[in-house]
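Just below is one structure, and these are the notes that go with it.
Number of protein chains: 2
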Amino acid sequence: MREPHAKPAEPARAVTSYDVAALAGVSQSAVSRALTPGGSVSDATRARIMAAVATLGYRPNAIARSLITQRSNMIAIIVANLDFHPEMTAHLSRAFAARGQHVLLFTLDQEAEADHVIDQIWQYRVDGVVAAVTLPRQHVALLRERRTPLVFINRTYPDLPTNSVCCDHAAGERLLVDRLVAGGFTRFGIIQGPPDSAVSSQRVDEAVRRLRGAGIDDIVLERGMFDYASGRAALNRMATATATARALPQAVLCANDMMACGALDAARHDLGLAVPGDVSVVGFDGLAQASWAAYDLVTIRQPTRAMVEAAVDMLIARLDDPALGAETRMFAGTFVEGTSARL
Amino acid sequence: MREPHAKPAEPARAVTSYDVAALAGVSQSAVSRALTPGGSVSDATRARIMAAVATLGYRPNAIARSLITQRSNMIAIIVANLDFHPEMTAHLSRAFAARGQHVLLFTLDQEAEADHVIDQIWQYRVDGVVAAVTLPRQHVALLRERRTPLVFINRTYPDLPTNSVCCDHAAGERLLVDRLVAGGFTRFGIIQGPPDSAVSSQRVDEAVRRLRGAGIDDIVLERGMFDYASGRAALNRMATATATARALPQAVLCANDMMACGALDAARHDLGLAVPGDVSVVGFDGLAQASWAAYDLVTIRQPTRAMVEAAVDMLIARLDDPALGAETRMFAGTFVEGTSARL
DNA sequence: GCTAGCATTGCATCCGTATGCACGCAACGC
DNA sequence: GCGTTGCGTGCATACGGATGCAATGCTAGC
């Protein structure tokens with residue numbers, strides 16, 4: 271069974287700058303200079319070299335280049351499963367690509383796996399890191415020591431000098447609560463996210479504080495895992511728990527849209543309630559699905575596009591000037607009208 | 271403005287194997303061998319070296335290692351925006367991580383950008399490529415020449431020897447059509463995907479063929495872009511177009527779930543129709559959202575988990591043995607019952 | 001005509017790790 | 001006691017491109 275290759279026993283050795291140099295009749299350094307923007311080469315030589323490059327199909331070896339320049343042109347992106355807009359990864363990827371950076375993707379099941387990941391990241395000598403997960407403090411410190419710029423998305427470390435791009439969850443939550451309170455609701459339910467999620471606690475804590483501030487104490491709490499199924503289950507639990515003692519909450523605040531969709535479906539399909547007639551449901555994030563007609567959620571939309579751009583800008587700036595200090599850029603979420611709440 | 275570092279003027283030079291060697295009182299090669307599984311080192315020496323490694327926090331430089339071993343331990347993953355399960359990227363990432371490979375992510379807006387991407391991929395000397403987009407034939411050929419293993423997901427090149435992991439779209443579509451035909455429907459609508467999508471045409475072509483085979487000619491075609499909004503618009507167009515001439519189709523086959531959700535919402539919320547009372551809607555993919563109670567779509571679920579595993583296995587096998595021939599592994603989709611169609 | 005000045009170019013070296021080779025040494029068999 | 005393994009170790013080199021330095025050639029200025 272012979273391999274049907276045109277050139278049978280070609281060793282498949284990659285074309286190097288030496289090959290190009292030989293063909294163009296110049297030295298290897300000339301080739302390198304011809305391909306470097308600031309390189310000092312005569313037009314004639316450059317032309318000969320470029321011709322050779324085209325003939326051989328030469329592409330510089332980024333690995334070798336990284337070794338000598340000490341820049342890999344790679345950015346590590348760390349994301350977790352839930353709790354995150356999948357589109358954000360895509361945006362990040364494109365934004366970095368547009369700036370000549372490549373993306374090394376790390377997907378965590380549990381935020382706890384971070385240990386292993388930080389090792390890999392360091393081994394590959396990435397130029398920078400974008401994290402949409404919470405990293406252990408010592409890892410943040412480690413990256414600082416290594417002089418590897420790090421930008422968080424939607425996380426802050428109050429006592430560490432870190433760079434962050436955040437949506438103002440508290441402010442967004444206040445918008446929601448105020449509208450609902452103004453609507454005359456007095457009995458509230460809250461479906462919070464995973465216990466270790468900073469995003470969830472920021473949102474939920476502020477909601478509770480604001481409700482209490484408005485003199486409202488009738489608040490039922492349930493917990494979900496940021497996904498549809500757990501949101502649905504949470505509202506069902508809420509109904510079971512309250513059925514005997516008191517009536518179901520009039521309005522349910524969910525820590526994210528995914529759970530809000532689940533809660534809304536629980537109300538309509540599991541409990542046979544009308545939304546927003548019998549119960550109002552609001553979310554947070556501004557997911558695409560939340561705006562689908564079947565849900566039409568009242569929610570707070572995070573400006574993901576702008577946040578991604580900001581994160582990328584921030585990181586790139588720190589690649590060019592590592593001395594830049596810590597910075598946090600806060601983005602306001604926008605209130606999204608919908609028919610999932612009686613306002 | 272002094273930097274508030276513990277060690278003020280530390281040059282931030284990375285720890286190398288020479289540093290470890292010096293501390294352990296051995297040669298650099300001993301360090302390298304101590305860290306290589308098959309390395310020939312005495313237990314005593316290894317212990318001293320590992321102690322030094324721990325003290326200095328040494329991690330081998332993967333870039334330098336790649337240069338010498340000619341393996342980068344990086345896999346390029348090329349995905350497009352639409353038409354793709356976002357979770358698949360996450361699955362791929364984790365599956366490769368579990369096998370010690372790192373993922374270099376490339377996200378394409380248009381499948382046409384592939385030109386640029388293939389260049390980047392080659393420059394980074396990735397060990398392999400997984401593509402969930404259609405690549406130009408010359409790029410496929412190029413990767414073959416470079417001996418870079420390539421596995422496609424849901425694409426095939428009938429006349430090129432390529433590796434693929436595919437869902438059997440035609441078979442899945444037949445399951446749908448047969449059930450609908452058995453249900454007595456005679457007037458059909460089909461919402462197809464983008465014109466350049468192979469996945470869409472495989473599904474739609476088979477649907478049309480099967481319907482014709484069953485003696486059904488009353489088929490209205492509309493086109494969407496694989497996203498929710500275009501699916502919704504497509505069904506509305508279908509209603510407008512058919513309102514005068516003939517009645518709306520009794521059943522609408524959508525080329526993917528996302529559009530099916532849009533179509534379903536169009537029927538219920540834009541046209542005031544009952545689903546499945548007035549019209550049945552079916553999709554394809556088995557998206558998470560499709561199973562949400564508000565939609566509860568009849569669809570074909572692609573075994574994404576298994577497909578990803580297969581793709582990863584296939585690629586890894588080809589890293590170890592580049593001589594392996596082209597292979598296509600076909601996966602059957604499973605019929606998902608739901609309430610979006612009257613069956 | 002001579003030299004300063006600039007643009008090109010090549011040489012040599014470096015980045016950090018892996019590995020072929022040779023050498024030293026201890027154990028072993030005869 | 002000596003040759004033969006075989007293990008453990010260090011030396012030297014290779015991977016492929018970037019870059020400081022010196023050498024070259026050329027032009028301009030006097």
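For the record, the sequence lines run as chains A and B.
According to the working numbering, the stretch in the first sequence is residues 271 to 613, in order.
According to the working numbering, the stretch in the second sequence is residues 271 to 613, in order.
Just so you know, even glycine gets a beta-carbon here, dropped at the ideal spot from N, CA and C.
{"Query": "Name the chain B residues that come within less than 7 Å of C531 (chain A), Cβ to Cβ?", "Result": "W562"}
{"Query": "Take the Cβ of Y288 (chain B) as the centre, count every other Cβ of all protein chains shown within 10 Å, and call the residue buried at 16 or more, exposed below.", "Result": "exposed"}
{"Query": "Let me confirm a value: D353 (chain B) is counted as buried when at least 16 other C-beta atoms fall within 10 Å, else exposed. Which label applies?", "Result": "With a pLDDT of 49 at D353 (chain B), under the threshold of 50, the predicted position of this residue should be treated as unreliable, though the coordinate-derived value follows. Classification for D353 (chain B): buried."}
{"Query": "With H, G and I counted as helix, E and B as strand and the rest as coil, what does DSSP make of Q462 (chain B)?", "Result": "strand"}
{"Query": "Quick one: does D353 (chain B) have its CB under 8 Å from some CB of chain A?", "Result": "Confidence in D353 (chain B) is poor, its pLDDT being 49 and thus under 50, which makes the residue's placement unreliable; the coordinate value appears in the next sentence. Judged by the 8 Å Cβ criterion, D353 (chain B) is not in contact with chain A."}
{"Query": "Which residue's Cα is closest to the Cα of L378 (chain B): A:S363, A:A384, A:W392?", "Result": "A:S363"}
{"Query": "Could you tell me which chain A residues have their CB closer than 9 Å to the CB of N331 (chain B), listed as they occur along the chain?", "Result": "L337, Q393, Y394, R395"}
{"Query": "With distances taken Cα to Cα, identify the nearest neighbour of N433 (chain B) among B:L445, B:G453, B:A441, B:A411.", "Result": "B:A411"}
{"Query": "Spell out the partners DSSP gives L374 (chain A) in its beta bridges.", "Result": "A:A346, B:L374"}
{"Query": "Along chain B, in chain order, which residues have C-beta atoms closer than 8 Å to that of A322 (chain A)?", "Result": "Those do not exist, as A322 (chain A) stays about 17 Å from chain B at its closest Cβ, beyond 8 Å."}
{"Query": "Apply the 10 Å Cβ neighbour rule to D590 (chain A) and answer buried if 16 or more other Cβ atoms are within range, or exposed otherwise.", "Result": "exposed"}
{"Query": "Where does M495 (chain A) fall in DSSP's three states?", "Result": "coil"}
{"Query": "Can you check DSSP and say which residues form a bridge with L523 (chain A)?", "Result": "A:I460, A:V552"}
{"Query": "Could you run through the segment 479–498 of chain B and flag, in chain order, every residue whose CB is less than 7 Å away from some CB of chain A?", "Result": "Y498"}
{"Query": "What does Q390 (chain A) reach in chain B if we use C-beta pairs closer than 7 Å?", "Result": "H372"}
{"Query": "What residue range is occupied by the uninterrupted alpha helix (DSSP H) comprising S363 (chain B)?", "Result": "356–368"}
{"Query": "Evaluate Q559 (chain B) with the Cβ neighbour count: other Cβ atoms within 10 Å of its Cβ, from every protein chain shown; 16 or more gives buried, anything less gives exposed.", "Result": "buried"}
{"Query": "Taking Cβ positions, are P307 (chain B) and P419 (chain B) nearer each other than 8 Å?", "Result": "no"}
{"Query": "Using the beta-carbon count (16 or more within 10 Å), is G547 (chain B) buried or exposed?", "Result": "exposed"}
{"Query": "According to DSSP, simplified to helix, strand and coil, what is N506 (chain B)?", "Result": "helix"}
{"Query": "Beta carbon of V399 (chain A), beta carbon of A384 (chain A): below 8 Å?", "Result": "no"}
{"Query": "Work out the CA separation of C524 (chain A) and H539 (chain A) for me, nearest whole Å.", "Result": "18 Å"}
{"Query": "Under three-state DSSP, which class holds L594 (chain A)?", "Result": "coil"}
{"Query": "Given that a residue counts as buried once 16 or more other Cβ atoms are within 10 Å of its Cβ, and exposed if not, what is G532 (chain A)?", "Result": "buried"}
{"Query": "Starting from the beta carbon of L375 (chain A), find every residue of chain B whose beta carbon is closer than 7 Å, and list them in chain order.", "Result": "S363, V373, L375"}
{"Query": "Any idea if D535 (chain A) is buried or exposed, counting beta-carbon neighbours within 10 angstroms, 16 or more meaning buried?", "Result": "buried"}
{"Query": "Alpha carbon to alpha carbon, what distance is there between C436 (chain A) and T604 (chain A)?", "Result": "14 Å"}
{"Query": "Is there a Cβ from chain A that is less than 8 Å from the Cβ of Y565 (chain B)?", "Result": "yes"}
{"Query": "I think D438 (chain B) touches A321 (chain B), with their Cβ atoms under 8 Å apart; what is that distance to the nearest whole Å?", "Result": "The Cβ separation is near 56 Å, so there is no contact."}
{"Query": "How about L518 (chain A) and M529 (chain A): do their beta carbons lie closer than 8 Å?", "Result": "no"}
{"Query": "Give the range of the alpha helix (DSSP H) segment to which S470 (chain B) is assigned.", "Result": "468–483"}
{"Query": "Taking the alpha carbon of F496 (chain A) as the point to measure from, which residue in A:S467, A:F458, A:E357, A:A581 has its own alpha carbon closest?", "Result": "A:S467"}
{"Query": "With a floor of 4 residues, list each alpha helix (DSSP H) that falls wholly inside the segment 405–437 of chain B, ordered by position along the chain.", "Result": "407–415"}
{"Query": "In whole angstroms, give me the CA-to-CA distance for I460 (chain B) and R341 (chain B).", "Result": "47 Å"}
{"Query": "So which of A:R369, A:V349, A:A503 has the shortest CA-CA distance to L585 (chain A)?", "Result": "A:R369"}
{"Query": "Between E476 (chain A) and the rest of its own chain, which residues show a CB-CB distance below 6 Å, the 5 nearest in sequence each way excluded?", "Result": "A440, E443"}
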